[in-house]
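So the structure is just underneath, and the comments pick up after that.
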Amino acid sequence: MSDAMKPRSSYRATEGPPDAPFLGVGVGLRTVHYADVLERGRRDDLGIDWFELLSENYMVPGGRPLRIVSEVREFAPVVMHGVSLNIGSSDPLDARYLDELDRLADLARPSWISDHLCWTGVEGRNLHDLLPLPYTEEAVMHVAARVGRVQDRLGRRIALENVSSYMSFVRDGMSEWEFLLAIAEEADCGILLDVNNVFVSAHNHGFDANRYIDSIPRDRVFQIHLAGHSVSGAMLIDTHDHPVTEGVWNLYRRAIERLGPVSTLIEWDDEIPTYDRLIEEADRARSILEGATDREQAIHVAS
Amino acid sequence: MSLRETQTTIADWIRAPEGIAKALAEDSSPDLAKAKLATLIRSDETLEARARLEIYANAYFYRLLGVLSEDYEALRNLVGEEHFHDLVTSYLLVEPSRHPSLRYAGARLPGFIASHAAAEGIRERAPWAAELASFEWTRVDVFDIEDGEVLVRDALAALAPEAFGALTLRLAPWAVLRSFEHPVDDLWRAGTRDEEPPIGVGDGPVHMLVWRRAERVRHRRLEALESLALRRVEEQTTFAALCEWAATQVDENEAPALAAGWLERWLADGLLPASALSS
C-alpha cells in the first residue's frame, strides 16, 4: 500500500486476518457519485479510505464501468463484493461467473473479495435475492465444500457476509452465528460481518443481537458493513435506503470494542444521498473506530 | 426434505405470479402444499410462514420490475404502468432471469413481445412494442459493449493520397446497425419525454445507428443510402470499394464526394476502430 492509500487515521489493527489488511472506513462506489469521486480522488480529498465495488455491476464487456474502476484504483484501495455467487445453492457452481469474477479481480486488484452466505437461485433461475439457508450440518458441509472450490479457483480466501432474513426453517439445528462460524471454520474463509443485518435478523427472528456479535472471532473478520433499514409492519427490511439507525450504531460500537478496528463500510444503495452526506456517515464510523483505538492504547499503556 | 427440494419448492412459491396465498390455494393438493409450508418455514407470534415468504416474493417481482422499467423506460411510459406490470409478470413466468446479473434480466423481452402467445394483447394494443423494446435493449447493450480505440481524423492525415483507397473500413463493436418497420426513434423520444406517441407509426423501414461515444449512448436515423453503405462497412470494405459501390447508386461524378462525406461523418461520430489503419 502506497502512502497515499493508507487509512486517514492512525488506527491500530489487532489480530485481524493476515489477508485482510485494515483499510479504514469506506463507502460503496455508486454511479451517482462517479463525478465527485473522480474529482476528489484526483486532488487526494476523498473523505473516505476505500471503496467497495458491487462486482456484478462491473462484470461487463466495456464502457464507463470498467474505466471508472481503473481510475478509482489509481487513488484508492477497493474490495469486490458480489451478490450472485450463489454459494448456498444446490445448483453446480457457475464456472463462467467465477471466470468473470477472476477477470474483474485482475483489473480491480481488490484487497479481498466477498459475497453472501445465502442462495440466490436454483435450477438455473436467478431470484436476485439473498435467501437464507437451513442451519443444518448438511448445509454447513455443502457450503463449506463450495467455498473451498471458489477459493481454489480465485487463488485467495473469500469473506462471506451474514444476510438479513425474514424467514427461518423449522429444521434449523443451530443459531445463525453458529452456522456462519461453522462454515468459516470448515472452509477456512473470512467473515464480512454486516452489523445492520444482525440487527434486522435479530428483530425479525427474536434472537439476541449482542450474543451474535459477541460470538464472532476477530481472526475471521475481513470487514464490517453498516447500513440503514426500513420498518414494514412487524418486520425490519434491509433496504439500504436510510441512514444507519442508532440501534445499529450501538451494536457496531459493541463489535468494535470487542474486535478492535475492522475495515468498515457504509452501504447506501437506494435513495442515495450526496457524497458529502455519505462522508458524514463514514465519519461517525471513523470516530467509533478511533475511540476503540484510543481505549486500546490507554489499556496498553496502563498495563 | 433435501436442500435441493427445499430450494426448488421455495423458488416456485416466490416466482408464483399472484402471490403465495393463491399459489397454495391453486396447488393440485392445497392441503399438502400448506402442510409442506408449515413443515418448512417457521411461523411465530410476529408473522406466519406465508407472510414471511411473501416478503421474498414481493421483493423478487418488484426488483425485476424496477430494473425492466429502467431498461424499457419508453415502452413502459407509452403502454402505461399497468400494462407494463402485466407484461413483466407474464414475461418472468416464461423467461425467468438466468444470468447472475440483473443487467441481463430483460434481454429476452423484445423476443417475448414479438412472438409469445402471452404477449398477444400488447401486440394488438401497441404493434410497435416489440420493435421499441428491441431498440431500447440495443441501447442498453451498447452502453457497456466492448471498448476500443476510435479512429480519429488526424490519424488519416498522415496517409498518402494514393493510400486512401486501400483504407480498410470496418464498423467498431460499439456501433450497431438496426432496421425497423416502426419509427422507434420517434417512439423512444415520446416515451422518454412523456409525450404522445407519433401518429402513423409503421410506415416503412427505419434504419437506425446506435453507438457509444464518450461513454454516452447515441442514436440517429440513417438515410437509406448511408444505411446500405454502413452495412458494407459492417461487412468490411475499403474506401475505394465504397466509392465504386457509391458510383452504382448515384451519379458517377457525385460518388467520391458522397463517400468522402460519409467517411467524414463516421469519423466525427467515432464509428470506426483505430485498428482499421493497421489492417
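Going down the list, the sequences are from chains A and B.
So that you can map any letter, position 68 of the first sequence is 67 in numbering that gives the first Met the number 0, and since no number is skipped, the others follow by simple counting.
So that you can map any letter, position 268 of the second sequence is 267 in numbering that gives the first Met the number 0, and since no number is skipped, the others follow by simple counting.
Think of the CB as a built atom: it goes at the ideal place given N, C-alpha and C, for glycine as much as any other residue.
Worksheet item: So which of A/Ile287, A/Val139, A/Ser231 has the shortest CA-CA distance to A/Leu225?
Response: A/Ile287
Worksheet item: Measuring CA to CA, which of A/Ile236, A/Ala104, A/Leu65 is closest to A/Gly154?
Response: In terms of Cα proximity to A/Gly154, the closest of A/Ile236, A/Ala104, A/Leu65 is A/Ala104.
Practice prompt. State yes or no: is the beta carbon of B/Trp210 nearer than 9 Å to at least one beta carbon in chain A?
Written response: B/Trp210 does not count as touching chain A.
Worksheet item: Does the beta carbon of A/Met173 sit closer than 9 Å to a beta carbon anywhere in chain B?
Response: no
Item to complete: With a threshold of 16 other CB atoms inside 10 Å of the CB of B/Thr191, please say whether the residue is buried or exposed.
Response: exposed
Discussion item. In whole angstroms, give me the CA-to-CA distance for A/Gly172 and B/Leu52.
Written reply: 20 Å
Worksheet entry | Minimum Cβ-Cβ distance from A/Arg156 to chain B less than 9 Å | no
Worksheet item: Taking buried to mean at least 16 other C-beta atoms within 10 Å of its own C-beta, is A/Ala284 buried or exposed?
Response: buried
Item to complete: Measure how close the beta-carbons of A/Glu160 and A/Asp213 come, nearest whole angstrom, since I'm counting them as under 8 Å.
Response: About 18 Å separates the two Cβ atoms, so there is no contact after all.
Worksheet item: Looking at the structure shown, is A/Ile255 part of a helix, part of a strand, or coil, going by DSSP?
Response: helix
Worksheet item: Which two residues bound the contiguous alpha helix (DSSP H) that contains A/Ile157?
Response: Taken as a continuous stretch (DSSP letters only), A/Ile157 belongs to no alpha helix (DSSP H), being part of the beta strand (DSSP E) at 157 to 160.
Worksheet entry | Proximity test, Cβ basis, 9 Å: A/Ile236 and chain B | True, the Cβ-Cβ gap to chain B drops below 9 Å.
Worksheet entry | Identity of the residue in B/Pro16, B/Ala275, B/Ser1, B/Ile19 nearest B/Leu150 by Cα | B/Ala275
Practice prompt. Rounded to whole angstroms, what's the CA-CA distance from B/Thr137 to B/Arg177? Just pull it up for me.
Written response: 9 Å
Worksheet item: What is the rounded straight-line gap between the Cα of A/Leu235 and the Cα of A/Gly23?
Response: Taking the CA atoms as reference points, A/Leu235 sits about 28 Å from A/Gly23.
Discussion item. I'd like to know if A/Val343 contacts chain B, where contact means its C-beta is closer than 9 Å to some C-beta of that chain.
Written reply: No answer is possible for residue 343 of chain A: it lies beyond the span of chain A, which begins at 0 and ends at 302.
Worksheet item: Shorter than 9 Å from the beta carbon of B/Trp136 to some beta carbon of chain A?
Response: no
Worksheet entry | Where the beta strand (DSSP E) containing B/Gly179 begins and where it ends | For clarity, residue 179 of chain B is Phe in the given sequence; the question names Gly instead. Per DSSP, the unbroken beta strand (DSSP E) holding B/Phe179 starts and ends at 174 to 179.
Discussion item. Let's test the definition: count the other Cβ atoms within 10 Å of the Cβ of B/Asp185 and tell me whether it reaches 16, buried, or not, exposed.
Written reply: The residue in question, B/Asp185, is buried, as its Cβ has 16 or more Cβ neighbours within 10 Å.
Worksheet item: Of all the residues that make up the stretch 123 to 144 of chain A, which are near chain B by a beta-carbon distance shorter than 9 Å?
Response: Gly123, Arg124, Asn125, Leu126, His127, Asp128, Leu130, Leu132, Pro133, Thr135, Glu137, Ala138, His141
Discussion item. Is there a Cβ of chain B sitting closer than 9 Å to that of A/Tyr165, yes or no?
Written reply: yes
Worksheet item: What residues in the stretch 59 to 92 of chain B bring their beta carbon closer than 8 Å to a beta carbon of chain A?
Response: Tyr59, Arg62, Leu63
Worksheet item: Count the other CB atoms within 10 Å of the CB of A/Met0; is the residue buried (16 or more) or exposed (fewer)?
Response: With a pLDDT of 42 at A/Met0, under the threshold of 50, the predicted position of this residue should be treated as unreliable, and no value is reported.
Worksheet item: Secondary structure at B/Pro255, three-state DSSP: helix, strand or coil?
Response: helix
Worksheet item: Three-state secondary structure (DSSP) at B/Thr236?
Response: strand
Worksheet item: Do you know offhand how far B/Glu72's Cα is from B/His84's?
Response: 12 Å
Item to complete: Would you please verify whether the beta carbon of A/Arg66 is less than 9 Å from any beta carbon of chain B?
Response: yes
Worksheet item: If we call anything under 9 Å between Cβ atoms a contact, is A/Val68 one with A/Val77?
Response: For A/Val68 and A/Val77, yes; Cβs fall inside 9 Å.
Worksheet item: According to DSSP, is A/Ala3 helix, strand or coil?
Response: Model confidence at A/Ala3 stands at a pLDDT of 43, short of 50, so the residue's coordinates are unreliable; what they give is reported in the following sentence. Looking at A/Ala3 - three-state DSSP - the assignment turns out to be helix.
Worksheet item: What are the boundary residues of the beta strand (DSSP E) that includes A/Asp193?
Response: 189 to 193
Worksheet item: What residue from A/Val197, A/Arg29, A/Pro16, A/Phe21 has the CA that sits closest to A/Glu55's CA?
Response: A/Arg29
Item to complete: Just the chain A side, please: which residues come within less than 8 Å of B/Pro29 by C-beta, in chain order?
Response: Under the 8 Å cutoff, chain A gives no residues; its nearest Cβ is about 20 Å from B/Pro29.
Practice prompt. Step through the CB atoms of chain B and report whether any lies within less than 9 Å of the CB of A/Tyr211.
Written response: No, A/Tyr211 lies away from the interface with chain B (no Cβ there is under 9 Å from its Cβ).
Fill in: Exposure label - B/Tyr271; buried when at least 16 CB within 10 Å
Position check: residue 271 of chain B holds Leu in this sequence, whereas Tyr was assumed. B/Leu271 is buried by the Cβ-count criterion.
Worksheet entry | Candidates B/Ile40, B/Pro196, B/Glu25, of which the one nearest B/Met0 by Cα | B/Ile40
Worksheet entry | Residues from the stretch 95 to 125 of chain B in contact with chain A, defined by Cβ distance under 9 Å | Of all residues in the stretch 95 to 125 of chain B, only Pro95, Ser96, Arg97, His98, Pro99, Ser100, Leu101, Arg102, Ala104 come within less than 9 Å of chain A when Cβ atoms are compared, listed by chain position.
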